[in-house]
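Contents: one structure, followed by commentary.
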Amino acid sequence: MAILTANKVTKRFGGLVAVSSLDFEIEKKVIVSIIGPNGAGKTTFFNCITGFEKANEGEIIFDGTPIHRLRTDQIAHLGISRTYQNIRLFADMTALENILVGQHIHLHSNWIGAILGSAGTRREEKSALDEARRLLQFIELSGQGDLLARNLPYGAQRRLEIARALATRPRLLLLDEPTAGMNPHETEEMMKFIRRLRDELEITILLIEHQMRVVMGISERITVLDYGVKIAEGTAVEIQNNPKVIEAYLGRGSVVGSRTKQSSASPLPAVSTMR
Amino acid sequence: MNTQTRQTFSRALRIGLLGGIISVFLCLVGIVEIFGQRSLVEKLISLGHVFLFLPLLATGYLAAKSNSEQAQPGKLSLLLAGILSGLLGGGALTIFLVIGNLINIRAMFIHASPTLYGMLTFGRGLPGAWIPLLVGAFLGALGAVVHLLPPKVQQPLIRGFLGILLVGLFAGLIRPLLLARPGLLEAVGRFLFGETGLTEAGALISFLVISGIVVIWSARGKSVQARISRLPRAGQSALRWSSIGLLLVLALILPQFSGAFIAQVIVLISLNILMGLGLNITLGFAGLLDLGFVAFFAMGAYTVGLLTSYGEYGLAHLSFWAVMPIAIFVAFMVGAFLGLPVLGMRGDYLAIATLGFGEIVRLLAGSDFLGPLLGGPQGVIGIQKPCLGWLGPFLGVGIPRVCHGLELGGPKEIYYLAVVCAMIAAFVATRLRDSRLGRAWMAIREDEDVAEALGVNLIQTKLLAYMLGASFAGLSGAIFGTLVGSIFASSMQLMVSFNVVCLIIVGGMGSIPGVIVGAIALIGLPEAFREFSEYRLLFYGAALIIMMLSKPGGLWPSSIVQRELHVKEKDEPDPKVVSTITPSAK
Chain A
464 MAILTANKVT KRFGGLVAVS SLDFEIEKKV IVSIIGPNGA GKTTFFNCIT GFEKANEGEI
524 IFDGTPIHRL RTDQIAHLGI SRTYQNIRLF ADMTALENIL VGQHIHLHSN WIGAILGSAG
584 TRREEKSALD EARRLLQFIE LSGQGDLLAR NLPYGAQRRL EIARALATRP RLLLLDEPTA
644 GMNPHETEEM MKFIRRLRDE LEITILLIEH QMRVVMGISE RITVLDYGVK IAEGTAVEIQ
704 NNPKVIEAYL GRGSVVGSRT KQSSASPLPA VSTMR
Chain B
550 MNTQTRQTFS RALRIGLLGG IISVFLCLVG IVEIFGQRSL VEKLISLGHV FLFLPLLATG
610 YLAAKSNSEQ AQPGKLSLLL AGILSGLLGG GALTIFLVIG NLINIRAMFI HASPTLYGML
670 TFGRGLPGAW IPLLVGAFLG ALGAVVHLLP PKVQQPLIRG FLGILLVGLF AGLIRPLLLA
730 RPGLLEAVGR FLFGETGLTE AGALISFLVI SGIVVIWSAR GKSVQARISR LPRAGQSALR
790 WSSIGLLLVL ALILPQFSGA FIAQVIVLIS LNILMGLGLN ITLGFAGLLD LGFVAFFAMG
850 AYTVGLLTSY GEYGLAHLSF WAVMPIAIFV AFMVGAFLGL PVLGMRGDYL AIATLGFGEI
910 VRLLAGSDFL GPLLGGPQGV IGIQKPCLGW LGPFLGVGIP RVCHGLELGG PKEIYYLAVV
970 CAMIAAFVAT RLRDSRLGRA WMAIREDEDV AEALGVNLIQ TKLLAYMLGA SFAGLSGAIF
1030 GTLVGSIFAS SMQLMVSFNV VCLIIVGGMG SIPGVIVGAI ALIGLPEAFR EFSEYRLLFY
1090 GAALIIMMLS KPGGLWPSSI VQRELHVKEK DEPDPKVVST ITPSAK
């Protein structure tokens, strides 16, 4: 059963059509990648799902609830969480506090309880702290919870951003280029980590990714966007051999011919090294 | 001359010029002249001289310091650099002196008076124009020598002189206190302080005491600290509680000992701490710059005025204690009212819109339109004083009211109310900061969009920041109303808002102890020294610039405090608690 369905979603910025009448579906507990050249409308689509942008036309349905008219925080309450292309941690808060903010919707104490220090508030704070430490352990940052987020190394910041998203206990997690700027070893670790999220926490994962090794390695389904239009959809093998995709990435003409001769099996990994 | 020496001297040149400019500036704005009327050490040196010559001493010190991180130039060249910079600084004063004596510049600079020239030359007039030059060179050399001294000698020396300066500044406050108590204290007072400043013996004693403390602390301090940290946990907390208890007792008896003036200064500090803590919620925690904060202060003050006044405009004659919560609530609601329209604004736009609100409230309060209700420019007068004790009916008060108990009539009594309120407010602010709401505020400050994507309801959270912040200011205004006994629209100036913003920035944005430190530095000091009040804005400007350059985090930055709080916690999750997010076994 589909957890997220997009019907004819269109988003325009002035004259530019960033996402054009997009139909999209994602099943529960799968890892799906959206790929496409720069400016294909991938992040805009993410923004439409999470409510950062309002789609001009079409509808988005999350687990039976239409969400395209909801506010961002209401969408978060329903169980969608995301990370960002450029890391957007709360830089001047500690790692622990970042995760605690992530738990916001699952805590219920109000300001009166906080001022009075009521027993309920204190109990809730304690269990929230424990949960946050557990998440830190999960992302292998135990003992570094008191460091300011800005002082963490790059890879740790990426993981912390995911941990913060996990703290909202999402059912659908959107990852915007989770391996951007990582070396091959870190990339490998991140792929394992993403698989663990799905296998152990049973979260549906939708990711935007440029590194083809990652895309082909972990996604069960791939959707290709170009100029806001879906041009292909399928498994890794299907996508690799789809002429439309190859054209979108490499352009029409002689290149396609020469490429397919050399390595007809998988032209796209080669593309990623070219970019 | 090698490059290094050249660098040293060119730097000394620059610093010397800067010092000279600062000295001349202090002369021209009149600080030197005004402080010249008070002496630091009787018949020897006035506070004006201190202001005049401190920059020169500092130039010598800095000129010798500037290069010492790299390979040390020779001590002699450092000394020469110090003399050079001092000479330049003194030279600037000499040039100023000569120009001032030849041309009449008083038309432009009213403070360029003969008195000032007299101070510059120690009473010799134009023929003594060489004196500042000589003094500058001497002070420059002195500054350089102080820098070259080994730290063991240097620290007590510097601290000791700072001690004299401090005691000298406060002399006008301390002396009357001592003289008011006949007996030993009076004798001590007469021995240490003269009519206008410290006596020579007083200066010597304060120097010796303070440098002595520095020497002993540097010799023994480490081992004492180590011994404290070796104490068992119970012992440490006992130590902490007993020091808190000691402070409380001191706070309790202070106004009885210090008299009304200091009590009044502390009340004003407390009122500003209250406002600061409130604005610290909106600005420091949630990052919403509010330049019209005085509006909420006005709400609290007018609520108390209208509901307790015996004057023409009093609507009811409730007791202050009954009105205080009402005032807080009114400010709380007005916070929502003013917060709603600016919810979507960020940064500069928000600042300008709130600035407008502050002015609107002041103008409305003073307008003819609301005059019949609020008294217009004449204001609300005859505000009740709080009364402790049995007041018969708590709510309704008869006319004229009789207070069967302790009436908090003057600053010495209101002191307790203000200080207790400020302490409670600090406690509440701390609790709020460490709560779910506090974290949501900080998340909004850091990145509004991301906070919203994590499920933080921006409307609700921002409104709460405005409302809770406003209620602190409302309380502050309520106490102000009863302290002064009358409220005028003209006391709700824009400056009140700016003061609060300044004290937060100087103290440290988002830091609760920072608010207290900032209020003491920016409100307390200018209140305590009458001479300063004229230069308050100059002082604020200088303080803000210096803070931004040297300590952008403020006097007491918030992150340090946080670090200290969290380090004590254990960092492993409790294994017994069953997680709902993460799998229990890895």
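Taken in sequence, the protein lines are chains A and B. Read left to right, the first sequence gives residues 464 to 738 (the working numbering). Read left to right, the second sequence gives residues 550 to 1135 (the working numbering). Ideal Cβ placement from N, Cα and C applies to all residues, glycine included.
query                                                                                                                                                                             : result
Going by DSSP, which residues form a beta bridge with arginine 475 of chain A?                                                                                                    : A:Val480
Residues in the same chain with beta-carbon distance under 7 Å from alanine 1077 of chain B, minus the five sequence neighbours each way, listed in chain order, please.          : Leu722 and Val814
Pull out every residue of the region 642 to 675 of chain A whose Cβ sits closer than 8 Å to any Cβ of chain B, in chain order.                                                    : Glu663 and Leu664
With H, G and I counted as helix, E and B as strand and the rest as coil, what does DSSP make of isoleucine 932 of chain B?                                                       : coil
For the beta strand (DSSP E) containing glutamate 696 of chain A, name the first residue and the last one.                                                                        : 692 to 697
At which residues does the beta strand (DSSP E) containing histidine 953 of chain B begin and terminate?                                                                          : 953 to 956
With 9 Å as the threshold, decide whether the Cβ of methionine 1096 of chain B is near any Cβ in chain A.                                                                         : no
Less than 9 Å separating the beta-carbons of phenylalanine 1047 of chain B and leucine 840 of chain B?                                                                            : yes
Where does the unbroken beta strand (DSSP E) through arginine 545 of chain A begin, and where does it stop?                                                                       : 543 to 545
So, does the CB of methionine 972 of chain B fall closer than 9 Å to a CB anywhere in chain D?                                                                                    : Going by chain labels, chain D is absent from the structure shown, which instead holds the protein chains A and B.
Closest to phenylalanine 719 of chain B by C-alpha separation, out of B:Val695, B:Gly746 and B:Gly569, would be which residue?                                                    : B:Gly746
Over the uninterrupted alpha helix (DSSP H) stretch that includes phenylalanine 842 of chain B, give me the two end residues.                                                     : Looking at the DSSP string, phenylalanine 842 of chain B is not in any alpha helix (DSSP H), and its letter there is neither H nor E.
Give a yes or no on whether the C-beta atoms belonging to glutamine 570 of chain A and arginine 563 of chain B are separated by under 9 Å.                                        : Reading the sequence as shown, one finds leucine at residue 570 of chain A and not glutamine. It is not a contact, given that the beta carbons lie outside the stated cut-off.
According to DSSP, what are the bridge partners of isoleucine 494 of chain A?                                                                                                     : A:Ile668
Going along the chain, which residues of its own chain have a beta-carbon closer than 7 Å to the beta-carbon of alanine 465 of chain A, five neighbours each way excluded?        : Glu488, Ile489 and Glu490
Find the residues of chain A that neighbour valine 999 of chain B, judging by a C-beta separation of less than 7 Å, and give them in chain order.                                 : Arg551
For valine 677 of chain A versus isoleucine 685 of chain A, is the C-beta spacing smaller than 9 Å?                                                                               : no
Here's a check: name, in chain order, each residue in its chain whose Cβ is nearer than 8 Å to the Cβ of leucine 1007 of chain B, leaving out the five neighbours to either side. : Leu892, Ile993, Glu997, Ala1000 and Glu1001
Note down, in chain order, every chain A residue with its Cβ under 8 Å from the Cβ of valine 977 of chain B.                                                                      : Ile578
Considering only their Cβ atoms, is the gap separating threonine 667 of chain A from arginine 418 of chain A smaller than 9 Å?                                                    : The structure shown does not extend to residue 418 of chain A, since chain A spans only 464 to 738, so no value can be given for it.
Grab me the residues of glycine 1057 of chain B's own chain with a C-beta within less than 7 Å of its C-beta, minus the 5 sequence neighbours each way, in chain order.           : Gly1063, Gly1102, Gly1103, Leu1104, Trp1105, Pro1106 and Ser1107
Look at the Cβ atom of asparagine 821 of chain B, then the Cβ atom of glycine 1018 of chain B, and state whether they are nearer than 9 Å.                                        : no
Please look up how many angstroms separate the CB atoms of alanine 630 of chain B and threonine 557 of chain B, rounded, as I've assumed it's under 8 Å.                          : 5 Å
Pull up the distance between the alpha-carbon of serine 475 of chain A and that of valine 482 of chain A, whole angstroms please.                                                 : A small correction: the amino acid at residue 475 of chain A is arginine; serine does not occupy that position in the sequence shown. Near 7 Å, if we compare the C-alpha coordinates of valine 482 of chain A and arginine 475 of chain A.
For glutamate 1001 of chain B, which three-state DSSP category applies?                                                                                                           : helix
What residue ranges within the region 792 to 868 of chain B form continuous alpha helix (DSSP H) runs of no fewer than 4 residues, ordered along the chain?                       : 809 to 828 and 843 to 857
Give the interface partners of glutamate 995 of chain B over in chain A, defined as CB-CB distance under 7 Å, in chain order.                                                     : Phe553, Ala554, Asp555 and Met556
Give the residues of chain B in contact with arginine 627 of chain A, contact being defined as C-beta atoms less than 8 Å apart.                                                  : Leu1003
Mind pulling the alpha helix (DSSP H) runs of 4 or more residues that sit fully within the region 695 to 721 of chain B?                                                          : none
So, with DSSP's three-state summary, where would you put glycine 565 of chain A?                                                                                                  : helix
Please classify serine 717 of chain A as buried or exposed, where buried requires at least 16 neighbouring CB atoms within 10 angstroms.                                          : Low per-residue confidence applies at serine 717 of chain A: pLDDT is 45, beneath 50, and the placement is therefore not dependable enough to give any value.
Below 8 Å, can you find three or more Cβ-Cβ pairs linking the region 1032 to 1052 of chain B to the region 872 to 888 of chain B?                                                 : no
Taking the straight line between their C-alpha atoms, what separation do you get for phenylalanine 845 of chain B and valine 969 of chain B?                                      : 20 Å
With DSSP run on the structure shown, which of helix, strand or coil describes asparagine 1048 of chain B?                                                                        : helix
Residues in the same chain with beta-carbon distance under 6 Å from glycine 825 of chain B, minus the five sequence neighbours each way, listed in chain order, please.           : Val1049, Leu1052, Ile1053, Val1064 and Ala1068
Taking only the alpha-carbon atoms, compute the straight-line gap between alanine 974 of chain B and leucine 823 of chain B and give it to the nearest angstrom.                  : 7 Å
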